[in-house]
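Novice: For reference, the structure I am asking about is given below.
Numbering (this note's numbering), first residue to last: 3 to 334.
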């Protein structure tokens, strides 16, 4: 989160949101947040989430498009949290800041369950994971929104944040990003391969109650290739491990075997898209590199960020693929 956003969330902004959603201050607590501010509150024995999105991150129209997507998915039995109306009957409230900026505030029923316990992941979980993602993708293929989200290449992380925040010795990443964006934009686009997706399906954006996954935080949702959501899942499960390349490929192969079984029961995706999965994995490596720099010095100097830079700087610079995709997907 950029420093300017942190400074913009004043007590008066929070108090106005509390009033608009009729929240008891004694039942209100911060959950932190990376790109947005997230709070939790209880009302009539139900737990809710309140989210603040700064206008420098997303304008009102883009958040409105996100909420339209979530409502559509929820109304069609997608694995998402229900949107809650304010006391004024609105899905969103705009609260003005002090410098011609504003926050767009939304509330949701908190998803059932807890964060996924990695030690409990098994073949059945991965099968159900695939079904949930496949069902969501199949629903979005039929979605005709009034308000449209951006295409992935219009995201500010790609268009300007790298130039603004990367240090001089990391500027080479911008050239790598430009070439990769051009390559991915040249790929086929049709209704079965490209649509409105979550784009950030890591375990921090979903809860599991032992039988059902619920996805939340569609803040990064954009029009993009469906294979990208699968690449993101792989990236966050194996991008930060100390496993050898062969171990990562073996585990990914086992994961995809069951994930794709569930996924393909709900929707279809041509097998050829896995030939491009390393490109989408490389794109996430680069975007994560930029995101960590944009978060400010306090984030850049953390052990996690430094470990990430040390691992992926050379991999990005030398075009080292995430893994041997043919081995990982079973082309052996």
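For every residue, glycine included, the Cβ atom is placed at its ideal position computed from N, Cα and C.
#1: Since residue 111 sits in a beta bridge, which residues does DSSP pair it with?
#2: What does a CB cutoff of less than 7 Å around residue 268 pick up in its chain, not counting 5 residues either side in sequence?
#3: Rank 307, 222 and 216 by C-alpha distance to the C-alpha of residue 110 and give the top, closest one.
#4: Do you know offhand how far residue 237's Cα is from residue 198's?
#5: Residues in the same chain with beta-carbon distance under 7 Å from residue 278, minus the five sequence neighbours each way, listed in chain order, please.
#6: What does the alpha-carbon distance come out to for the pair residue 319 and residue 227?
#7: Would a C-beta distance cut-off of 9 Å place residue 154 and residue 201 closer than the cut-off?
#8: Taking the beta strand (DSSP E) that residue 150 belongs to, which residues open and close that run?
#9: Taking the straight line between their C-alpha atoms, what separation do you get for residue 218 and residue 328?
#10: If you run the structure through DSSP and keep just helix, strand and coil, what is residue 3?
#11: Please report the straight-line C-alpha distance between residue 68 and residue 82, rounded to a whole angstrom.
#12: Strictly by DSSP, which residues pair up with residue 227?
#13: Which word fits residue 14, buried or exposed, when buried means at least 16 other C-beta atoms lie within 10 angstroms of its C-beta?
#14: Quick one: give me the first and last residue of the beta strand (DSSP E) that residue 34 is part of.
#15: From residue 166 to residue 293, what does the alpha carbon distance come to, in whole angstroms?
#16: Roughly how far, in whole angstroms, is the beta-carbon of residue 30 from the beta-carbon of residue 115, given that I think they are within contact range, below 8 Å?
#17: Among 303, 314, 250 and 264, whose alpha-carbon lies nearest the alpha-carbon of residue 332?
#18: For residue 123, does the three-state DSSP call read helix, strand or coil?
#19: By Cβ distance, which residues of its chain are closer than 7 Å to residue 301, with the 5 residues on each side in sequence left out?
#20: Nearest to residue 60 by alpha carbon, out of 158, 241, 242 and 86?
#21: Would you report the Cα separation of residue 101 and residue 55, rounded to the nearest angstrom?
#22: What residue from 265, 247 and 174 has the CA that sits closest to residue 129's CA?
#23: By the three-class DSSP mapping on this structure, what secondary structure does residue 45 have?
#24: Using C-beta distances below 7 Å, list every residue in its chain close to residue 1, excluding the 5 sequence neighbours before and after it, in chain order.
#25: Could you tell me which residues DSSP pairs with residue 216 in its beta bridges?
#26: What's the gap between the Cα of residue 271 and the Cα of residue 90?
#27: Restricting to Cα atoms, I'd like to know which of 19, 273, 162 and 224 is closest to residue 107.
#28: Taking C-beta to C-beta, are residue 182 and residue 288 nearer than 9 Å?
#29: What three-state label does DSSP hand residue 318 in the structure shown?
#30: Specify the secondary structure class of residue 279 as computed by DSSP and reduced to three states.
#31: Give me whichever residues DSSP pairs with residue 56 in a beta bridge.
#32: For residue 295, would you say it is in contact with chain D, using Cβ-to-Cβ distances shorter than 9 Å as the test?
#33: Whole angstroms is fine: what's the gap from residue 299's alpha carbon to residue 179's?
Specialist: Result, derived from the coordinates:
#1: 50
#2: 133, 136, 137 and 140
#3: 216
#4: 20 Å
#5: 189 and 229
#6: 24 Å
#7: yes
#8: Counting along the chain, residue 150 falls outside any beta strand (DSSP E), and DSSP gives it neither H nor E.
#9: 32 Å
#10: Only weak support is given to the placement of residue 3: the predicted model assigns it a pLDDT of 48, under 50, and the value that follows is read from those uncertain coordinates. Here residue 3 sits in coil by DSSP.
#11: 12 Å
#12: 196
#13: exposed
#14: 30-34
#15: 11 Å
#16: About 22 Å separates the two Cβ atoms, so there is no contact after all.
#17: 250
#18: coil
#19: 294 and 307
#20: 158
#21: 15 Å
#22: 265
#23: strand
#24: Because the chain is modelled from 3 through 334, residue 1 falls outside the range shown and cannot be assessed.
#25: 209
#26: 42 Å
#27: 19
#28: yes
#29: helix
#30: helix
#31: 105
#32: Given the protein chain composition of this structure (a single chain), no chain D is represented.
#33: 23 Å
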